[in-house]
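**Q**
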Amino acid sequence: MKIQEYQSKQIFSKFGIPIPRGQLANNSKVVRQIAEEIGSNVVIKAQVPTGGRGKAGGVRLAKSSEEAESLATQILGMTINNLPVHKVLVDEAIKIKQELYLGITIDRSNSVPVMIASAQGGMDIEEIAFNNPEKVVHTDIHPLLGLREYQIRDLALSIDIPKQYWRMYQDIAAGLWLAFQKNDAMLVEINPLVITEDDRMIALDGKLEIDDNALFRHPDISELRDLDMEDPTEVEARKYGLAYIRMGGDIGCLVNGAGLAMATMDIINKFGGTTANFLDIGGGAGAEKVSAAIRIILSDPKIRSVLINIYGGITRCDEVARGIIDAINTIKTQKPLIIRLEGTNAQIAQQLLTDAKLISIPSFSSAVQKAVELGKAK
Ligand code: GDP
Ligand code: MN
101 MKIQEYQSKQ IFSKFGIPIP RGQLANNSKV VRQIAEEIGS NVVIKAQVPT GGRGKAGGVR
161 LAKSSEEAES LATQILGMTI NNLPVHKVLV DEAIKIKQEL YLGITIDRSN SVPVMIASAQ
221 GGMDIEEIAF NNPEKVVHTD IHPLLGLREY QIRDLALSID IPKQYWRMYQ DIAAGLWLAF
281 QKNDAMLVEI NPLVITEDDR MIALDGKLEI DDNALFRHPD ISELRDLDME DPTEVEARKY
341 GLAYIRMGGD IGCLVNGAGL AMATMDIINK FGGTTANFLD IGGGAGAEKV SAAIRIILSD
401 PKIRSVLINI YGGITRCDEV ARGIIDAINT IKTQKPLIIR LEGTNAQIAQ QLLTDAKLIS
461 IPSFSSAVQK AVELGKAK
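Plus 100 on top of the position in the sequence shown (first one is 1) and you've got the working numbering.
(1) Please tell me whether Met286 and Ile206 are closer than 8 Å, where the distance is taken between their beta carbons.
(2) Going straight from the alpha carbon of Ile138 to that of Glu192, what length do you get?
(3) Within 10 Å of its beta-carbon, does Gly222 have 16 or more other beta-carbons around it, so buried, or fewer, so exposed?
(4) Enumerate in chain order the residues of its own chain whose CB-to-CB distance from Asp311 is below 8 Å, with the five nearest sequence positions on each side excluded.
(5) Answer yes or no: the CB of Asn283 versus the heavy atoms of the ligand MN, is any distance below 7 Å?
(6) Suppose only complete runs of 3+ residues qualify. What are the beta strand (DSSP E) ranges in the region 417-473, listed by chain order?
(7) Apply the 10 Å Cβ neighbour rule to Pro401 and answer buried if 16 or more other Cβ atoms are within range, or exposed otherwise.
(8) Classify Leu257 as buried or exposed, calling it buried when 16 or more other Cβ atoms lie within 10 Å of its own Cβ.
(9) Is Pro149 near the ligand MN, judged by its Cβ being under 7 Å from some heavy atom?
(10) Between the region 343-351 and the region 292-312, do at least 3 Cβ pairs fall closer than 8 Å?
(11) Tell me, please, which residues DSSP counts as bridged to His242.
(12) Which same chain residues, not among the five before or five after Arg404, have their C-beta less than 6 Å away from its C-beta?
(13) Can you give the Cα-Cα distance for Ala361 and Asn377, rounded to whole angstroms?
(14) Go through the residues and name those whose CB comes closer than 5 Å to any heavy atom of the ligand MN, in chain order.
(15) Would you please state the rounded distance, in angstroms, between the beta carbons of Ile204 and Trp277? I believe it to be under 8 Å.
(16) List the DSSP bridge partners of Pro213.
(17) So, helix, strand or coil for Glu330, using DSSP?
(18) Measure the CB-CB distance between Ala456 and Ile438 and report whether it falls below 8 Å.
(19) Between Lys389 and Ile381, which are expected to be in contact by the criterion C-beta below 8 Å, what is the C-beta distance as a whole number of angstroms?
(20) Going by beta-carbon coordinates alone, are Asn356 and Tyr411 separated by less than 8 Å?
(21) Give the C-beta separation of Asp331 and Arg346 to the nearest angstrom, bearing in mind that I take them to be a contact with Cβ-Cβ under 8 Å.
(22) Within 10 angstroms of the Cβ of Tyr250, are there 16 or more other Cβ atoms? Answer buried if so, exposed if not.
(23) Taking 7 Å as the cut-off, is the CB of Gly203 close to at least one heavy atom of the ligand GDP?
(24) Tell me the DSSP bridge mates of Tyr344?
(25) I'd like the list of long-range same chain contacts for Gly372, defined as Cβ closer than 7 Å, with 5 residues on each side in sequence excluded.
(26) Go ahead and label Glu323 buried or exposed: buried means 16 or more other beta carbons lie within 10 angstroms of its beta carbon, across all protein chains shown.
Below is the structure:
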């Protein structure tokens, strides 16, 4: 789960990382008051959990409280990456000498957290990482020993941070590691971390992404979940305990088990199709859950066909068949369903499907081929 900039920065601040003075607002009149209270230039920042706000015009500098109000009116009407802006952060404007990048994520190939640093942060960090990879340095963090002081000094040295800032850099990097570790984060990021004209170091932006599987340990963060900022279909799926991720292609998929679900998507691609979604109904799903899953898949208007691929172990094929029949009876879709059920109680399932005038295909590859053929744009 991603949280917003203002929330991330508040968490960072608890770990000793300096942030600008600022306040949140949901209308432009309040923005004007906040700007007056802050009493200097302010930056108005769209609060949506996505990157690239600056480039989209969602981060603007205001030189007066009147300008703050009018910019806020514009920003509060925007959508950035399909997310509507309902709130803005009004921060005191900072005079910047240099923009740095500092972040921590998980390096999955080495199975360790990794700290990433650059002396050229800001809105073009992706291009810098692509064109001048030597300008981005990183260090693995031992999960038990944590981030050591010498590692931070190494980073500071290799990106040429002047010595006078090392103490501040040290404290910020150490604080960022603690924010990552204590919150079971998958990503923490400060971009830009700035050196100010008066020689302070401040986190101007903040990102924190927490591992959904650890949310139960962080009720304070789970509370921050803002359903307006998430794909409504994914929200609906979570209610039923279904793992659903929209992929944007033509063929809807309903599969049991994450491994089989991914293999199914790979094979669809191999046969020339594109998948509309990942959906794992989990082990032992009952008819009700299956029926909800079909409804959720079909709610995607781009779908052309649906492939149901079940290898029944603790999941009973007859339960799945009942769920399919129930869904078909209530939704009455015109879209073709291609069903392949194998394993526990498959024969009972076949009979139920036949009685309901539905066809199942026993072979995995024939089922995929059929789904791709029927799922092609006409
Ligand atoms: P993002 O585009 O979503 O990553 O939003 P950021 O919060 O990183 O802001 C984008 C850019 O706006 C930063 O890289 C800065 O260059 C600029 N910016 C943000 N806050 C300030 C500020 O207080 N003063 C100045 N001068 N520039 C700022
Ligand atoms: Mn940023």
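Note that beta-carbon positions come from the ideal geometry of N, C-alpha and C, so glycine has one too.
**A** So, to answer that:
(1) Start at 1 with the first residue of the sequence shown, and residue 286 comes out as number 186. Start at 1 with the first residue of the sequence shown, and residue 206 comes out as number 106. Yes, these two residues count as a Cβ contact at 8 Å.
(2) Within the sequence shown, residue 138 is the residue found at index 38, counting from 1. Within the sequence shown, residue 192 is the residue found at index 92, counting from 1. Cα to Cα, Ile138 sits roughly 6 Å from Glu192.
(3) Residue numbering aside, residue 222 sits at position 122 when the sequence shown is read from its first letter. So Gly222 ends up on the buried side.
(4) In the sequence shown, counting from the first residue as 1, residue 311 sits at position 211. Here the set comprises Asp284, Ala285, Met286.
(5) Numbered from 1 along the sequence shown, position 183 holds the residue referred to as residue 283. Answer for Asn283: no, Cβ out of range of the ligand MN.
(6) 437-443
(7) Taking the first residue of the sequence shown as position 1, residue 401 is located at position 301. When all chains shown are included, Pro401 counts as exposed.
(8) In the sequence shown, counting from the first residue as 1, residue 257 sits at position 157. Exposed, because fewer than 16 other Cβ atoms sit within 10 Å of the Cβ of Leu257.
(9) In the sequence shown, residue 149 corresponds to position 49, counting from 1. Pro149 Cβ: outside cutoff for every heavy atom of the ligand MN.
(10) no
(11) Start at 1 with the first residue of the sequence shown, and residue 242 comes out as number 142. In DSSP, His242 forms a bridge with Gly246.
(12) Counting from one through the sequence shown, the residue named residue 404 turns up at place 304. Taken in chain order, the residues that qualify are Asp350, Gly475.
(13) As a first step, residue 361 must be located in the sequence shown, where it is residue number 261. As a first step, residue 377 must be located in the sequence shown, where it is residue number 277. Approximately 10 Å, taken between the alpha carbons.
(14) Asn291, Asp305
(15) Position 104 of the sequence shown holds residue 204. Position 177 of the sequence shown holds residue 277. Contact flag correct, Cβ pair sits at about 6 Å.
(16) Indexing the sequence shown from 1 puts residue 213 at position 113. DSSP lists Ile206 as partners of Pro213.
(17) Within the sequence shown, the letter at position 230 stands for residue 330. Looking at Glu330 - three-state DSSP - the assignment turns out to be coil, as it is neither helix nor strand.
(18) Reading the sequence shown from its first residue, position 356 is the one you call residue 456. Reading the sequence shown from its first residue, position 338 is the one you call residue 438. Cβ distance not < 8 Å, so Ala456 and Ile438 don't count as in contact.
(19) As a first step, residue 389 is located in the sequence shown; it is residue number 289 there, counting from the start. As a first step, residue 381 is located in the sequence shown; it is residue number 281 there, counting from the start. That belief holds up - the Cβ atoms of Lys389 and Ile381 are roughly 6 Å apart, short of 8 Å.
(20) Walking along the sequence shown from the start, residue 356 turns up at place 256. Walking along the sequence shown from the start, residue 411 turns up at place 311. Contact: yes.
(21) For the purposes of this step, residue 331 is taken as residue 231 along the sequence shown, with counting starting at 1. For the purposes of this step, residue 346 is taken as residue 246 along the sequence shown, with counting starting at 1. That pair is a contact at about 6 Å.
(22) As a first step, residue 250 must be located in the sequence shown, where it is residue number 150. Label assigned to Tyr250: exposed.
(23) Taking the first residue of the sequence shown as 1, we reach residue 203 at position 103. No, the Cβ of Gly203 stays beyond 7 Å of every heavy atom of the ligand GDP.
(24) Residue numbering aside, residue 344 sits at position 244 when the sequence shown is read from its first letter. Beta-bridge pairing links Tyr344 to Leu379.
(25) Residue mapping note: residue 372 aligns to position 272 of the sequence shown, counting from 1. Contacts found: Val472.
(26) Counting from one through the sequence shown, the residue named residue 323 turns up at place 223. Exposed: under 16 other Cβ atoms inside 10 Å.
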